[in-house]
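Peer 1: If you count by full-length UniProt numbering, then the sequence shown holds residues 1 to 119, one letter each, in order. Before we start, here is the structure in question, set down as structure tokens.
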Amino acid sequence: MSETQKPNGLQNPTLNKIHNTLTKHSAQQPEFIPQIFYALHQLKEDPNNSANNLETATSSIRHRLKQCKGYLTEDPSCIELLSTTCEQGPEIVRQRQQELTAKRGVQQRLAERIKELLN
């Protein structure tokens, strides 16, 4: 495994933080869907119990989602990455490869000119 690649396979540090925030790491951090279904089940069983409030039962989900939103707002490149569809991916990769090829050409020409000027 490369040094930059994380155990979950994500190389982008922001996506890695989001993955760690949203995935289950312990019994105290349950998955979203089961947690929501359990909260709805409790409301159905005893709707008058003040402890069985959907807002209270799902507060940890909202907190984790707010954390993820904060991570995304800090990283514009991550927003750009997540705003593309899977179908757009190959075209974006092709465009970036063309940009890199053009930049390498410019860099090579500059290196040659510098070499000429120094000789």
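Virtual Cβ for every residue (Gly too), placed ideally from N, Cα, C.
What three-state label does DSSP hand N16 in the structure shown?
Peer 2: Correct three-state label for N16: helix.
Peer 1: Does C86 come out as helix, strand or coil in the three-state DSSP assignment?
Peer 2: Three-state result, C86: coil.
Peer 1: Starting from L10 and walking both ways along the alpha helix (DSSP H), at which residues does that stretch end?
Peer 2: L10 -> no alpha helix (DSSP H), and no H or E assigned at all.
Peer 1: Considering Cα atoms alone, identify which of A57, D75, T85 and S59 is closest to K17.
Peer 2: Closest option to K17, Cα to Cα, is D75.
Peer 1: Report the three-state DSSP secondary structure of T21 (helix, strand or coil).
Peer 2: DSSP places T21 in helix when its eight states are reduced to three.
Peer 1: What are the start and end residues of each continuous alpha helix (DSSP H) run of 4 or more residues lying completely inside the region 38 to 106, in chain order?
Peer 2: If we require 4 residues or more, the alpha helix (DSSP H) runs fully inside the region 38 to 106 come out as 54 to 57, 59 to 73 and 76 to 82.
Peer 1: Counting pairs of beta carbons, one from the region 32 to 39 and one from the region 57 to 65, are three or more of them closer than 8 Å?
Peer 2: Touching, per the Cβ criterion.
Peer 1: Is E112 helix, strand or coil when you go by DSSP?
Peer 2: Reduced to three states, the DSSP call for E112 is helix.
Peer 1: By Cβ distance, which residues of its chain are closer than 7 Å to T21, with the 5 residues on each side in sequence left out?
Peer 2: Correct list, in chain order: R64, Q67 and C68.
Peer 1: Is it the case that the Cβ atoms of residue 122 and C78 are separated by a distance below 8 Å?
Peer 2: Residue 122 is absent from the model: the chain starts at 1 and stops at 119.
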